[in-house]
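All residue numbers for the sequence shown refer to my numbering, where the first residue is 78 and numbers rise by one. One structure is given here, and the rest of the page talks about it.
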Amino acid sequence: MAKVYTEEELNNFSRETLMAVILSMQDQIHQLNTNMERLIEQIADANNKRYGRSSEKLETISGQLELELIFNEAEALTETLYVVEPVEEDVIQPRRKNKGKRKADLKDLPIEVIVHTLSEEKLQDVFGTDGWKQLPDEIYKRVRVQPAVYTVEEHHVAVYAGKDNQTIIKADRPKNLLRNSLLTPSLAASIMNAKYVNGLPLYRISQEFLRNDIHISRQVMANWMIQCADRYLGILYDRLHKEMYQFHVLQADETPVMVTKDGRPVNSKSYMWIYRTGKSYTDTPIILYEYQKTRNASHPREFLKGFSGICVTDGYQVYHTIEKEREDLKIAGCWSHARRRFDEAVKALPKAKQKESLAYLALTMIQAVYREEKQLKELAAEERKERRQLSVRPLVEAYFTWLKENISRIPQKSKTWEGFQYCLNQERYLKVFLEDGEVPMHNNAAEQSIRGFCIGKKNWVMIDTIAGARSSAIIYSIAETAKANSLKPYDYFEHLLTEIPKHLDDKDLSFCEDLLPWSKALPEKCRK
78 MAKVYTEEEL NNFSRETLMA VILSMQDQIH QLNTNMERLI EQIADANNKR YGRSSEKLET
138 ISGQLELELI FNEAEALTET LYVVEPVEED VIQPRRKNKG KRKADLKDLP IEVIVHTLSE
198 EKLQDVFGTD GWKQLPDEIY KRVRVQPAVY TVEEHHVAVY AGKDNQTIIK ADRPKNLLRN
258 SLLTPSLAAS IMNAKYVNGL PLYRISQEFL RNDIHISRQV MANWMIQCAD RYLGILYDRL
318 HKEMYQFHVL QADETPVMVT KDGRPVNSKS YMWIYRTGKS YTDTPIILYE YQKTRNASHP
378 REFLKGFSGI CVTDGYQVYH TIEKEREDLK IAGCWSHARR RFDEAVKALP KAKQKESLAY
438 LALTMIQAVY REEKQLKELA AEERKERRQL SVRPLVEAYF TWLKENISRI PQKSKTWEGF
498 QYCLNQERYL KVFLEDGEVP MHNNAAEQSI RGFCIGKKNW VMIDTIAGAR SSAIIYSIAE
558 TAKANSLKPY DYFEHLLTEI PKHLDDKDLS FCEDLLPWSK ALPEKCRK
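Listed below in structure tokens is the structure:
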């Protein structure tokens, strides 16, 4: 606490003492102002996260930015690189009728033709006895929905005995998913689709069954999901894990999850890790979840032990730790995380001051990198790499030069300072995408792939057991990979749970080849 001087004490001070007191007070006032600005920023940031829009789009800028105020190194840019135009999604497009859209939307549905005609008597009343001719029909389409129909399969297995009653045989029967259970592939698939695709908690699924006079408790369904994942879907999960090692670029992320019975104190955080193939591999994408009790380096170290290539992540240190241990693994950074702190800093400022801030200038520079990268989206990997060297690298290099020149102007611990620190600490990783055309400049694809799990988590809040968490990881993996490969999850689950039980006794697991989500052997009904 600062000392309070009386008027008499101040009158008795020498000139030198008064100078020292005034300078000390100036330092204190400056520190108080800095702390107050930081608190105001934190409050504004908290309010924005609570009440504001979650979008991170930069406000549309018209005209040309005066970027000579931003960059000092002329060799790193040209005048034409930084004309910032509104991004496509920020421009309100005129509404146009999309001819043929309804026909295209309905083309894969079965059609039942319903004919509406007039009676002979009605036609004679209108046209008399002169007769009439029929013109082409007026045709319109409507969609009728048939609610779920539940049927009990009562299997009668023929039993035969010899006349001596010594030999008894039974007719062949399909293998049950679970012994003495009423579970069928279609019933299991419907539960998986409801929970792991549509995000419904088991108690709501149970209530919906009950409204259709089917009594299945959520405990029973949870047990079914665990056993089906462990016995059947886990086989395909392991195959997809091996397939993932064939790719050059992976992306990774993780999100917390609560597991109530994991042997630790209540409210201990567990984590669902996600690994997916790079964004550019659109023909055979793979998305895999993995449950772990902690967030330490041992988990990605084990999961990625057979992988050689580049892994795109956020700035989490454990990935960098693993990279230092191996020569065949490189970690690439995420530019979305780089811009996020600046976006928070800008939103925390009054609107009148936003465009004057260094955070706003940082956002415009990052946006320029994004715009130039967007132009290369359709190119092949090698050509994209070459073009990045010509048009994207100068922007990136100039951006980091600007950061280093301006870091000293930023109050420490502020949001803008955090953004500067993050980018400078991650510089090496944020530049990796420049050297490889297959590497995306951000990790958005991984974050989007984990969204289904996060939406479900808001509904069911927590997972009861470790076995439940592991089975959820397997089923979510199959569901998300199916969606990424344009398959219908329900039909794909039903097909897997019909076919995999037939091969449990096989020593050779090559049958999985026909079950991969991009296999041409899949039934047509599985495809969107």
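Glycine included, every Cβ here is placed at the ideal spot set by N, Cα and C.
{"Query": "Would you say Y348 and I552 are within 7 angstroms of each other, going by their C-beta atoms?", "Result": "no"}
{"Query": "Grab me the residues of C603's own chain with a C-beta within less than 7 angstroms of its C-beta, minus the 5 sequence neighbours each way, in chain order.", "Result": "L564, K565, D568, Y569, H572"}
{"Query": "Where L440 and Q525 are concerned, what is the direct C-alpha to C-alpha distance, given to the nearest angstrom?", "Result": "22 angstroms"}
{"Query": "Are the Cβ atoms of R250 and V234 separated by less than 7 angstroms?", "Result": "yes"}
{"Query": "With distances taken between CB atoms, is the gap from H519 to C411 smaller than 7 angstroms?", "Result": "yes"}
{"Query": "Distance, Cα to Cα, L259 vs C305?", "Result": "13 angstroms"}
{"Query": "Taking the beta carbon of N562 as the centre, do at least 16 other beta carbons fall within 10 Å, making it buried, or is it exposed?", "Result": "buried"}
{"Query": "If we ignore side chains and look at the alpha-carbon of each, how far apart do I303 and V297 end up?", "Result": "10 angstroms"}
{"Query": "Would you call I246 buried or exposed, if buried means 16 or more other Cβ atoms sit within 10 Å of its Cβ?", "Result": "exposed"}
{"Query": "Using DSSP with H/G/I as helix, E/B as strand and the rest coil, what is W412?", "Result": "helix"}
{"Query": "When the Cβ atoms of the segment 574-584 are set against those of the segment 543-557, are three or more pairs found closer than 8 angstroms?", "Result": "no"}
{"Query": "Do you know how far the Cα of E601 is from the Cα of L212?", "Result": "38 angstroms"}
{"Query": "Can the beta-carbon of E590 be found less than 7 angstroms from the beta-carbon of I364?", "Result": "no"}
{"Query": "Find out if the Cβ-Cβ distance for the pair I408, E400 is shorter than 7 angstroms.", "Result": "yes"}
{"Query": "Look at L435 and T493 and say whether their C-beta atoms are less than 7 angstroms apart.", "Result": "yes"}
{"Query": "Out of curiosity, what's the CA-to-CA distance linking K451 and P471?", "Result": "16 angstroms"}
{"Query": "Mind the definition here: the segment 329-336 touches the segment 535-546 only if three or more C-beta pairs lie below 8 angstroms; say whether that holds.", "Result": "yes"}
{"Query": "Comparing alpha-carbon positions, which option in G276, K597, D214, I484 lies nearest R528?", "Result": "G276"}
{"Query": "Which term fits K605, buried or exposed, when burial requires 16 or more other beta carbons within 10 angstroms of its beta carbon?", "Result": "exposed"}
{"Query": "Since I believe I487 is in contact with F477 (beta carbons under 8 angstroms), could you give me their beta-carbon distance rounded to a whole number of angstroms?", "Result": "No, F477 and I487 are not in contact; Cβ-Cβ is about 15 angstroms, not under 8 angstroms."}
{"Query": "Looking only at its own chain, which residues have a Cβ that is under 8 angstroms from the Cβ of E85, when we skip the five neighbours before and after it?", "Result": "none"}
{"Query": "State the start and end residues of the unbroken beta strand (DSSP E) segment that holds A439.", "Result": "Segment 435-451 is the alpha helix (DSSP H) holding A439; no beta strand (DSSP E) there."}
{"Query": "Alpha carbon to alpha carbon, how far is F530 from G392?", "Result": "22 angstroms"}
{"Query": "Taking S385 as the reference, which of L406, L574, F90, N270 has the closest Cα?", "Result": "L406"}
{"Query": "Count the other C-beta atoms from every protein chain shown that fall within 10 angstroms of the C-beta of F90, then say buried if there are 16 or more, exposed otherwise.", "Result": "exposed"}
{"Query": "Mind reading off the beta-carbon distance from A329 to Y352? Whole number of angstroms is fine, and I expect it under 8 angstroms.", "Result": "5 angstroms"}
{"Query": "Hey, which unbroken runs of the beta strand (DSSP E) at 3 residues or more fall wholly within the segment 332-377?", "Result": "346-354, 364-369"}
{"Query": "Does DSSP put L186 in a helix, in a strand, or in coil?", "Result": "coil"}
{"Query": "Can you have a look at L109 and say buried or exposed, based on whether 16 or more other CB atoms are within 10 angstroms of its CB?", "Result": "exposed"}
{"Query": "According to DSSP, is R219 part of a helix, a strand, or is it coil?", "Result": "coil"}
{"Query": "Hey, P278 and W537: beta-carbon distance below 7 angstroms or not?", "Result": "yes"}
{"Query": "Which residues does DSSP pair with L327 in a beta bridge?", "Result": "T354, C388"}
{"Query": "How would you call F204, buried or exposed, if buried means at least 16 neighbouring beta carbons within 10 angstroms?", "Result": "exposed"}
{"Query": "Checking 7 angstroms against the spacing of the C-beta atoms, do E495 and G355 come in under that value?", "Result": "no"}
{"Query": "Going by the beta-carbon positions, is the gap between Y366 and S101 smaller than 7 angstroms?", "Result": "no"}
{"Query": "Under the DSSP definition of a beta bridge, which residues are partnered with I540?", "Result": "V336"}
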